[in-house]
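In our numbering, the protein residues as written are 1 to 456.
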């Protein structure tokens, strides 16, 4: 019987790479269809429509990120129980996770539709862009439940070591999204709302494919519809492990909304140019994401199996790979920024804003990778409060304070751009101090030794 990918046995490097590679390829496809979405909107509907779509990332992540972060708690629990072969507890966590996702999807749909105009107004969205932005976001949030459920199912599959099937489903979804974008926007010129509709349909398809896979999975982690409900002990553990990540995601996204609102004050050309850059930057984030997710699952499974030496070796290897790949991509972005931004718009002012941002940020992608990987390790170890505290302190408080104060003294958009490398780098210092001084892995070893002595 196939029981997922057991990361507690075999070659550490091979297992981690084979698990992380499908996540990386899947993220590439996801980023490609997000990028193509903007390309199609920019070329067929113009710079104002591009600005409306390009500013979407921070707002969507603020609304969706909290629930995704809480769901990470379920992933940690499932990975640990899978590694320890405690399948009954794992099954309870799985069905509680699905119930949580369904409730979260309904809440997010209502909140997104109702609050979108107020949030966009607070973000200083230009008046000429505002109607298109409202239309895009409201359409997107009407299908928020599909986005939430897709991420829930993917988290479950990855927790048991299956990163291949989520890749297949994401590839199908990506192709569907691009085709629908071309039909709705390029063919029928239906506007930015149609771009959001294409995203909803493709996310619904990927969620459905994941659901079918989960219904047919091995008994240990098979989804049974009639068992979907809240098991309060499992829910308590999910919230305990996941709430710090949820709070972290939402508050950092809120801080990024402040950043986006600062960019918006420089006009629609800045919105379009910086939005285009963020699409490019998303590709640099891919090795960060895949290895951070891979490390969380790897650490969770091996701590559950009490394979502490494997944890140490896997963590070193995963961080090295992520940091190296991110910096290589950063160098490429820095060198070819004009051509890359020019893919989205041929307006010189739009290209100029995107290039200026790339020149400030791109060479610091290694810091972004290091911070996220250590955060992923801590979450896999059940220590989600550590990355929450560090990231909120630097990526939220310091970032917003710096931009607010510095823009008054030097009102140029480079101040906004420089906030990212500044906060990435300072958070890395804090992470490294904790990582090397807290002796976190040995605390698990000592706990296990204490249990063995007590049993003896």
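Even for Gly, the Cβ is constructed at its ideal location relative to N, Cα and C.
ask   = When you compare only the Cα positions, how much space is there between residue 82 and residue 163?
value = Taking the straight line from one Cα to the other gives about 15 angstroms.
Check whether the stretch 92 to 103 and the stretch 116 to 132 are in contact - that is, three or more C-beta pairs closer than 8 angstroms. no
Among 207, 279, 374, nearest to residue 298 - alpha-carbon criterion: 374
Around the Cβ of residue 326, are there at least 16 other Cβ atoms within 10 angstroms (buried) or fewer (exposed)?
Around the CB of residue 326, 16 or more other CB atoms lie within 10 Å, so the residue is classed as buried.
- Task: Would you please state the rounded distance, in angstroms, between the beta carbons of residue 276 and residue 344? I believe it to be under 8 angstroms.
- Result: 4 angstroms
What does the alpha-carbon distance come out to for the pair residue 251 and residue 430? 19 angstroms
Decide if residue 134 is buried, meaning its Cβ has at least 16 other Cβ atoms within 10 Å, or exposed. buried
Using 8 angstroms as the threshold, is the C-beta distance between residue 28 and residue 181 below it?
no
Inset, instruction - May I ask which residues mark the beginning and end of the alpha helix (DSSP H) holding residue 85? - result: Run containing residue 85: none; DSSP gives neither H nor E here.
Do residue 21 and residue 302 have their C-beta atoms within less than 8 angstroms of each other?
no
Excluding the 5 residues flanking residue 74 on each side, which residues of the same chain have their C-beta closer than 6 angstroms to its C-beta? 93, 97, 238
**Study point:** Sequence-distant residues of the same chain with beta carbon closer than 6 angstroms to residue 338, five excluded per side
**Key:** 355
Checklist line | Contact check, residue 241 vs residue 77, beta carbons under 8 angstroms | finding: Taking 8 angstroms as the cut-off, the beta carbon of residue 241 is found closer than this to the beta carbon of residue 77.
* **Cβ-Cβ distance between residue 533 and residue 186 below 8 angstroms** => Because residue 533 is not part of the residues shown, which for the chain are 1 to 456, the question remains open.
Residue 394 burial status per 10 Å Cβ neighbour count (16 or more: buried): Burial call: buried.
Have a look at residue 437 and residue 318 and give me their C-alpha separation to the nearest angstrom.
20 angstroms
Please return the same chain residues whose Cβ sits closer than 7 angstroms to the Cβ of residue 359, not counting the five positions on each side in sequence.
These residues qualify, in order along the chain: 334, 337.
Decide if residue 447 is buried, meaning its Cβ has at least 16 other Cβ atoms within 10 Å, or exposed. Residue confidence is low: residue 447 scores 49 on pLDDT, short of 50, so the model does not pin down where it sits. Its coordinate-derived value is still stated next. Exposed, by the Cβ-count rule.
Below 8 angstroms CB to CB, which residues in the same chain sit around residue 403 once its five sequence neighbours on both sides are set aside? 258, 259, 262, 415, 416, 419
| So residue 371 packs on residue 428, CB below 8 angstroms; how close in whole Å? | Going by Cβ atoms, the distance from residue 371 to residue 428 rounds to 5 angstroms, so yes, they are a contact pair.
Original post:
Is residue 218 helix, strand or coil when you go by DSSP?
Top reply: coil
Practice task
Find the nearest neighbour of residue 411 within the set 388, 266, 363, judged by alpha-carbon distance.
Solution key: The residue with the shortest Cα to Cα distance from residue 411 is 266.
| What did DSSP end up calling residue 410 once you bin it into helix, strand or coil? | coil
- Task: For residue 92, name the three-state secondary structure that DSSP assigns.
- Result: Residue state, collapsed to three classes: helix.
query = Taking all protein chains shown into account, do 16 or more other C-beta atoms lie within 10 angstroms of the C-beta of residue 268, making it buried, or fewer, making it exposed?
reply = buried
* Asked: Does the Cβ-Cβ distance between residue 362 and residue 330 come in under 8 angstroms?
  -> Between residue 362 and residue 330, the CB-CB gap stays under 8 angstroms.
Tell me whether residue 463 sits in a helix, a strand or coil according to DSSP, three-state version. As displayed, the chain neither begins before 1 nor continues past 456, which places residue 463 out of reach and without an answer.
Exercise. Apply the 10 Å Cβ neighbour rule to residue 231 and answer buried if 16 or more other Cβ atoms are within range, or exposed otherwise.
Key: buried
Straight-line gap, residue 119 to residue 112 (C-alpha atoms, nearest Å) | Between the C-alpha atoms of residue 119 and residue 112 there is a straight-line separation of about 10 angstroms.
Note to self: I'd like the list of long-range same chain contacts for residue 365, defined as Cβ closer than 7 angstroms, with 5 residues on each side in sequence excluded.
What the structure shows: 284, 326, 327, 329, 330
query: For the alpha helix (DSSP H) that contains residue 144, what are its first and last residues?
result: Element bounds for residue 144: 144 to 159.
Report task. Taking 8 angstroms as the cut-off, decide whether the C-beta atoms of residue 201 and residue 140 are in contact. Result -> no
Residue 294 vs residue 23 beta-carbon contact at 8 angstroms:
yes
query: Any idea what DSSP makes of residue 17, helix, strand or coil?
result: helix
_Taking the beta carbon of residue 281 as the centre, do at least 16 other beta carbons fall within 10 Å, making it buried, or is it exposed?_
buried
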